[in-house]
Structures are given as structure tokens and as C-alpha cells.
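Taking it in order: structure first as C-alpha cells, then the write-up.
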Amino acid sequence: MQNRYIWLNGEYHIADAQVLKASNRAFHYGDGLFETIHCYGTEPLHIDLHYDRLAKGLRILEIELSQLYTPIKFKEIITKLLNKNRLFGSTRVRITVFRDGEGFYTPKGNSASILIESQPLQSKLYEYNQQGLVIDIYNEIKKPINILSPVKSCNSLLYVKAGLYRLKKGLDECVVLNEKGRIAESISSNIFIVKKGEIFTPGVGEGCIPGVMRKVVINLAKKIGYNVYDDVAINTKVFNNCDEVFLTNAITGIRWVLGVGINRYFNTLSKNLSAELNKQILNQLV
0 MQNRYIWLNG EYHIADAQVL KASNRAFHYG DGLFETIHCY GTEPLHIDLH YDRLAKGLRI
60 LEIELSQLYT PIKFKEIITK LLNKNRLFGS TRVRITVFRD GEGFYTPKGN SASILIESQP
120 LQSKLYEYNQ QGLVIDIYNE IKKPINILSP VKSCNSLLYV KAGLYRLKKG LDECVVLNEK
180 GRIAESISSN IFIVKKGEIF TPGVGEGCIP GVMRKVVINL AKKIGYNVYD DVAINTKVFN
240 NCDEVFLTNA ITGIRWVLGV GINRYFNTLS KNLSAELNKQ ILNQLV
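Residues 0 to 285 in numbering that gives the first Met the number 0 are what the sequence shown lists, from first letter to last.
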């Protein structure tokens, strides 16, 4: 069985090597954040958007990333790692940045450590799901709206609990609500609603993660002529009378939703958007 490698602070290690200390702050306190990037043929897609979100999150958490780590540097590291792992199709790459050093809740330093992992994907580029997702609303815990809301934090307990609920109910995904009881996002994606040919998605001020694919899809939809409203508050009642629902994230692209609860939907617009998305990416890679 071929060894797979990870990258940690400039060095390669066998993927299952014990390279992190028990005192690691991401383990102790969730003191860090991460980015998950879709790579295709060793090329990390939308690296500038991922880097921008990473940098904003680090500023919020007051973790100091060396200026050496630019988008170009991350791209170089990722490409070398994928070549070393001989991953040349579609690959999921996760960058985890956590605060180094000692201390309890109050850290004694703010320097950053970086861990990069890779995992092959079965699908080619962004494969549109042939069978629509069946999802429902997760009501047990609401997501707070505050300065930490847009951070892809290493503390993901809300999404873990929603994932456990999903498994118990036999669902494909769950809708996560914000503290106001409005739609924020799903466990792993941003949510889009289609009504009378127009597209709506909760604004970042509603507590959702500012997804990279969310931004890509918004720009793409506007470019090909759709009206997109991306800074709105959306009540769950919209699921009773909308035409389509679809989810977006950086790994899977666009996934259409067949149903939320007892409601059922079409998928014409999301299917067209997915085809345009793949066409755009392939044109960029040529």
C-alpha cells in the first residue's frame, strides 16, 4: 500500500505519523481554522478566494501567519504535495492553521503552525448529483451571529451535532438556523433558493460561512443573466413555496435538493449553473 504524505511547517511526514503534540492548541481549545480546497490535476482551484477567507479568519482570531505564506506559496506547496502523493485527478486538500505555543485559554504566543493534507475524490471536477438530496431543518442548536460566525473554526461542534441529527433521521443534509430562527446554511454548504427565476441566498450577516463556492456561483449566475439577491434574511417558510433549492461548497460544487421536509422541487436552474461552472473551470485550466 502506497504511503501518503502530509505537510507540516515545511516538512513532509507519513500521513499516519504522530507529528502533533498532545498540547496542541487546536486539540485543546479548537484554537485554529481551516480551508478545504478542491484541486484538479494538482491545480488548487480558487486559491486566491480561499487565501482571502483564511487571512480574514486569522485576523479575527489574532493568529499571526508569516508573510512568506502568500497565495502563490500555498499553491506551490499544494502542487508539490499532490505530486508526492501521486494525486492527479480531483483531490480534497485541507489546510489547517492553528496557534502555536503554550498557555491555557490565554495563549502565550500567536505564531501559526500549518498542516496540509490531501485525499482523492471519486468524482471528476464538480459532478452534479443525479439524485436530489432530501434534507430537513435542524432545530436543536441555533448558530450565533457574531464576529466568529464567518470563521471556519476548528471548533465545529454545532455541525457535528447537526450531522448526528442527520444520521438519526436518515437525511442527506440539514439546514442550520441562526439565532433569529432564520436560514443560515447547511452542515457543509451554503443554501440557495430559486423563486420565479430569481436566486436568493442568506447574507453573511445572517451568520453563514462566506463560502468560496457561494461567491463563485453568485458571480457566475449574475454573469449569465440571473438576478441574485445575496444579502437577504430568509425565513424557513420559503421552503413551502419556492421552485428550487440547491447547496454549494468548494468540494462538490452545486448539489440540487429534491426536498425539504414534505416539499419537493425542480432542478432546472441548478443543473444549468453546474454545467456552466464546470465549463468555466475547464476553460481556466486550459
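Every residue gets a Cβ at the ideal spot worked out from N, C-alpha and C, and that includes glycine.
Leaving out five residues on either side along the sequence, give the residues of the same chain with a beta carbon under 6 Å from the beta carbon of residue i.
i: Glu139; result: none
i: Arg213; result: Asn189, Thr247
i: Lys221; result: Val227
Identify whether residue i lies in helix, strand or coil by the three-state DSSP scheme.
i: Tyr158; result: helix
i: Arg58; result: helix
i: Leu246; result: strand
i: Ser143; result: The displayed chain sequence assigns Pro, not Ser, to residue 143. DSSP places Pro143 in coil when its eight states are reduced to three.
i: Gln118; result: strand
i: Val96; result: strand
i: Leu7; result: strand
i: Ser269; result: helix
i: Arg263; result: strand
i: Gly204; result: helix
Taking C-beta to C-beta, are residue i and residue j nearer than 8 Å?
i: Ile94; j: Ile115; result: yes
i: Asn128; j: Trp255; result: yes
i: Ser185; j: Val174; result: yes
i: Ile192; j: Ile134; result: no
i: His45; j: Val211; result: yes
i: Gly56; j: Val150; result: yes
i: Asn277; j: Leu60; result: no
i: Phe199; j: Tyr228; result: yes
i: Leu219; j: Gln283; result: no
i: Leu81; j: Thr41; result: yes
i: Ile190; j: Val216; result: no
i: Gly9; j: Arg98; result: no
i: Arg91; j: His37; result: yes
i: His27; j: Val18; result: no
i: Asn248; j: Asn262; result: no
i: Asp230; j: Tyr264; result: no
i: Arg3; j: Ala16; result: no
i: Pro43; j: Ile71; result: no
i: Leu257; j: Leu166; result: no
i: Cys153; j: Ala25; result: yes
Apart from the five residues on each side of it in sequence, which residues of its chain come closer than 8 Å, Cβ to Cβ, to residue i?
i: Glu101; result: Ser22, Lys107, Gly108
i: Leu157; result: Ile140, Lys142, Val175
i: Glu275; result: Leu219, Ile223
i: Gly88; result: Tyr39, Gly40, Pro119, Leu120, Lys123
Taking 7 Å as the limit between beta carbons, can you name the residues of its chain near residue i, skipping five residues before and five after?
i: Asn323; result: The requested residue 323 is not part of the displayed model; the chain covers only 0 to 285.
i: Thr251; result: Tyr125
i: Gln130; result: none
i: Ala161; result: Tyr137, Cys173, Val175, Ile186
i: Lys194; result: Cys241, Asp242
i: Lys83; result: Tyr4, Tyr11
The ligand GTP and residue i: does any heavy atom of the ligand fall closer than 7 Å to the residue's C-beta?
i: Glu205; result: No copy of the ligand GTP appears in this structure; indeed no ligand is present at all.
Tell me, please, whether the CB atom of residue i is closer than 8 Å to any CB atom in chain C?
i: Pro43; result: As a matter of chain content, chain C is missing from the structure shown, which is built from one protein chain.
Buried or exposed: residue i, going by 16 or more other Cβ atoms within 10 Å of its Cβ?
i: Leu163; result: exposed
i: Gly196; result: exposed
i: Ser110; result: exposed
i: Phe245; result: buried
i: Ile146; result: exposed
i: Gly169; result: exposed
i: Arg52; result: buried
i: Arg85; result: exposed
i: Val96; result: buried
i: Val259; result: buried
key: At least 3 beta-carbon pairs within less than 8 Å: the segment 258-272 vs the segment 63-72   = Counting Cβ pairs under 8 Å, fewer than three are found: no touch.
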